[in-house]
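Since the structure comes first, as structure tokens, the remarks are kept for the end.
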Amino acid sequence: DGSNDDLIRTLAARGNLGRIYGSAICASAELDEKLNAKELDDNQREKLDSSIKKLLNELAENQNSRMWFSNNETLKLWNNSIDTSDKDSAAEGITEIAPIDLRYLEYDLSIEIPSLCYGYDSVFGPHDASAFIRREEEKLVSIGQDEGEKKAKLERRADQQRNAIGRFLSQAAISQELGKAMQENWTHLEHIMKEFNEQISKLTWQEVAEKSREVPWIDRLNPKKGTFVAFLPDEEGEPGSSVTLHANKSVHQNAQRYFQEARTLKDKSKGAEKALMDTENSKSRQEKKRAKDVAAGRVKGIQRSKKFWFEKYRWAILEGGHILVGGRDARGNDTIVRKHLNSNDIYVHADLHGAPSCSLKLKDGFIPLTGITNLPEGVVSLQIAQNLGEGIEDARGLNEKILAQAAQIAVCWSRAWGSGGAAATAFHVRPSQVSKQTESGESLGRGSFVVRGKRTWHRDLPLELGMGIGVINGVPLPICGTIETISDMFEKWIKISPGREKKESIANKISKASGLTQDDVLASLPPGGCTIEDYGIMKKT
Numbered sequence: 075d076g077s078n079d080d081l082i083r084t085l086a087a088r089g090n091l092g093r094i095y096g097s098a099i100c101a102s103a104e105l106d107e108k109l110n111a112k113e114l115d116d117n118q119r120e121k122l123d124s125s126i127k128k129l130l131n132e133l134a135e136n137q138n139s140r141m142w143f144s145n146n147e148t149l150k151l152w153n154n155s156i157d158t159s160d161k162d163s164a165a166e167g168i169t170e171i172a173p174i175d176l177r178y179l180e181y182d183l184s185i186e187i188p189s190l191c192y193g194y195d196s197v198f199g200p201h202d203a204s205a206f207i208r209r210e211e212e213k214l215v216s217i218g219q220d221e222g223e224k225k226a227k228l229e230r231r232a233d234q235q236r237n238a239i240g241r242f243l244s245q246a247a248i249s250q251e252l253g254k255a256m257q258e259n260w261t262h263l264e265h266i267m268k269e270f271n272e273q274i275s276k277l278t279w280q281e282v283a284e285k286s287r288e289v290p291w292i293d294r295l296n297p298k299k300g301t302f303v304a305f306l307p308d309e310e311g312e313p314g315s316s317v318t319l320h321a322n323k324s325v326h327q328n329a330q331r332y333f334q335e336a337r338t339l340k341d342k343s344k345g346a347e348k349a350l351m352d353t354e355n356s357k358s359r360q361e362k363k364r365a366k367d368v369a370a371g372r373v374k375g376i377q378r379s380k381k382f383w384f385e386k387y388r389w390a391i392l393e394g395g396h397i398l399v400g401g402r403d404a405r406g407n408d409t410i411v412r413k414h415l416n417s418n419d420i421y422v423h424a425d426l427h428g429a430p431s432c433s434l435k436l437k438d439g440f441i442p443l444t445g446i447t448n449l450p451e452g453v454v455s456l457q458i459a460q461n462l463g464e465g466i467e468d469a470r471g472l473n474e475k476i477l478a479q480a481a482q483i484a485v486c487w488s489r490a491w492g493s494g495g496a497a498a499t500a501f502h503v504r505p506s507q508v509s510k511q512t513e514s515g516e517s518l519g520r521g522s523f524v525v526r527g528k529r530t531w532h533r534d535l536p537l538e539l540g541m542g543i544g545v546i547n548g549v550p551l552p553i554c555g556t557i558e559t560i561s562d563m564f565e566k567w568i569k570i571s572p573g574r575e576k577k578e579s580i581a582n583k584i585s586k587a588s589g590l591t592q593d594d595v596l597a598s599l600p601p602g603g604c605t606i607e608d609y610g611i612m613k614k615t
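When we follow the working numbering, the leftmost residue of the sequence shown carries the number 75, and every step to the right adds one.
Here you go:
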């Protein structure tokens with residue numbers, strides 16, 4: 075009853091059903107979606123209520139789902155397909171997937187499918203539900219506005235301001251001319267107002283409105299505002315331009331109101347002109363800054379409302395694009411082992427108390443993204459992948475070099491970084507060797523684990539890291555790894571070693587030189603003081 079919208083909007087928004095189910099309910103109830111919701115009669119409300127209950131029952135009891143196609147050709151191609159390639163071609167014609175029959179869609183263009191997951195796999199590829207969910211999560215990453223969007227926004231604003239200036243000046247000119255015309259036709263208006271006020275003193279506004287229909291020089295009346303519309307004579311003495319007169323004011327006062335309106339509109343046009351100048355200056359500054367950033371090899375740092383899953387932890391890239399993730403604190407260590415250490419991954423840990431628990435991911439990581447233009451020199455574009463390590467059942471089957479790289483990064487993330495030494499030791503084990511319980515059955519505290527069985531040791535690991543600039547799924551980020559990995563991937567990079575300079579200061583320098591946000595750079599640095607050796611990123615061009 076409280077909705078002022080049509081039926082479909084009310085069901086979709088206020089009923090929280092969405093447009094798809096809202097349309098299904100309207101079709102089932104045989105009601106037009108554009109009907110005003112609060113004007114439904116009792117019979118229509120009863121039909122609507124019955125359709126909603128029917129839909130809810132179908133959702134609760136239905137065992138199968140349906141999938142709709144755009145036309146008979148794609149439906150026929152799907153039904154006749156015998157291999158994956160044919161089905162992929164037909165899948166391009168899929169228009170809707172639902173757990174029930176949507177009666178507003180054409181039934182003959184649909185087929186029954188075993189589940190919604192089957193339908194989504196048909197559209198997005200047979201990569202199982204977790205892969206689909208991960209892809210949808212990545213879509214939620216707010217990467218902010220790119221340069222093109224910002225430029226277009228400024229151009230739209232400038233166009234709106236130019237239109238406003240023209241509109242204000244045009245309206246001001248009209249008001250000015252009407253004010254002059256009122257002065258020139260003083261006697262005419264004086265006579266009309268005298269006659270009008272005499273009638274108002276004797277009759278009601280409604281009665282005067284009825285009588286004024288016979289008067290060619292008077293039009294609409296507004297009793298609430300105490301105004302009426304009068305016509306000025308044209309060159310032939312016939313009713314021409316119209317003006318609004320306040321019955322309780324003189325002709326002079328009414329004319330001055332039009333002159334004041336013209337002055338106000340002119341002032342607004344001046345304000346719009348100043349705003350347009352500010353917009354043009356902003357546009358010019360943006361273009362100059364972007365040109366300067368490109369010339370200096372800087373990326374455009376962006377503010378994001380949501381980050382990638384691995385950014386909650388320490389992370390680095392290894393040879394082959396594999397990712398290593400480690401906890402930033404005790405809670406993070408628990409989460410790494412509980413959520414991100416699969417049976418085919420490898421657990422890596424520095425041989426130091428309190429070091430991060432790390433997971434070398436077999437399937438997760440990054441692959442090069444080709445075809446990206448306008449990237450500054452030395453910046454690499456990457457895409458998140460979940461299908462690495464093909465043909466390898468277990469991360470223990472990875473190249474020994476990758477395992478050693480993971481171990482080296484694990485020690486760089488530990489307190490060995492600030493210990494004053496030049497090297498440290500780490501080990502890796504299978505996930506099944508990592509437990510939260512001691513042999514006596516006691517449960518360990520947050521972030522602590524027991525490692526049982528044989529360990530594979532990595533000794534004399536150097537305390538040094540490399541950092542390059544990458545664009546991952548459209549997001550500029552600092553990418554860390556071993557010196558060997560980073561120098562192979564990036565034309566421009568930085569070597570990071572233990573030092574006395576605070577990492578906040580280092581992050582600030584890298585951020586200014588690269589264009590990356592300072593928070594992203596700071597999060598990627600090891601836990602302690604640093605010193606950097608530049609290989610192209612910090613150089614000014």
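Backbone N, C-alpha and C define an ideal beta-carbon position, used for all residues, glycine too.
*Rounded to whole angstroms, how far is the Cβ of residue 133 from the Cβ of residue 99, which I believe are closer than 8 Å?*
That belief does not hold up - the Cβ atoms of residue 133 and residue 99 are roughly 12 Å apart, past 8 Å.
_Quick check: what's the CA-CA separation for residue 264 versus residue 255?_
Distance between the alpha carbons of residue 264 and residue 255: 13 Å.
*In or out: residue 362 buried (at least 16 other Cβ within 10 Å) or exposed?*
exposed
*From 551, 154 and 229, residue whose alpha carbon lies closest to that of residue 360*: 229
*Are there 16 or more other CB atoms within 10 angstroms of the CB of residue 213, so buried, or fewer, so exposed?*
Legend: pLDDT at residue 213 = 45, less than 50; position of this residue unreliable, value from coordinates given subsequently. Exposed is the call here.
*Grab me the residues of residue 354's own chain with a C-beta within less than 8 Å of its C-beta, minus the 5 sequence neighbours each way, in chain order.*
Within the same chain, residue 354 has close Cβ partners 232.
*Going by alpha carbons, who is nearest to residue 257 out of 270, 520, 313 and 329?*
329
*Out of 345, 380, 259 and 343, which has the shortest C-alpha to C-alpha gap to residue 304?*
259
*Kindly indicate the opening and closing residues of the beta strand (DSSP E) around residue 303.*
Residues 301-307.
*Return the residue from the list 611, 243, 311 and 396 that minimises the CA-CA distance to residue 463.*
396
*Do you know offhand how far residue 189's Cα is from residue 433's?*
When rounded, the distance between both Cα atoms is 34 Å.
*Is residue 429 buried or exposed, if buried means 16 or more other CB atoms sit within 10 Å of its CB?*
buried
*Just reading off the beta strand (DSSP E) that residue 440 is part of, what are its end residues?*
Residues 432-442.
*Please state whether DSSP places residue 459 in a helix, a strand or coil.*
strand
*Ignore the nearest five residues each way along the sequence and tell me which others in residue 539's own chain have a CB closer than 6 Å to its CB.*
486, 554 and 570
*Label residue 326 either buried or exposed according to how many other C-beta atoms from any shown protein chain fall within 10 Å of its C-beta, with 16 as the threshold for buried.*
exposed
*For residue 351, three-class secondary structure by DSSP*: helix
*What did DSSP end up calling residue 174 once you bin it into helix, strand or coil?*
coil
*Starting from the C-beta of residue 234, find all residues in its chain whose C-beta is less than 8 Å away, skip the five residues before and the five after it, and write them out in chain order.*
none
*Would you mind stating whether residue 598 and residue 550 have Cβ atoms separated by less than 9 Å?*
no
*With a cut-off of 8 Å, do at least 3 Cβ pairs link the segment 102-110 to the segment 76-94?*
Contact between the segment 102-110 and the segment 76-94 is present, because at least three Cβ pairs lie under 8 Å.
_Buried/exposed call for residue 531, threshold 16 Cβ in 10 Å_ = exposed
*Endpoints, the alpha helix (DSSP H) within which residue 108 is located*: That residue, residue 108, is in no alpha helix (DSSP H); it is neither H nor E in DSSP.
*Closest to residue 496 by CA distance: which of 535, 124 and 460 is it?*
Nearest of 535, 124 and 460 to residue 496, Cα basis: 535.
*Sorted by chain position, which residues of the same chain lie with C-beta nearer than 7 Å to residue 563's C-beta, five sequence neighbours on each side aside?*
454 and 542
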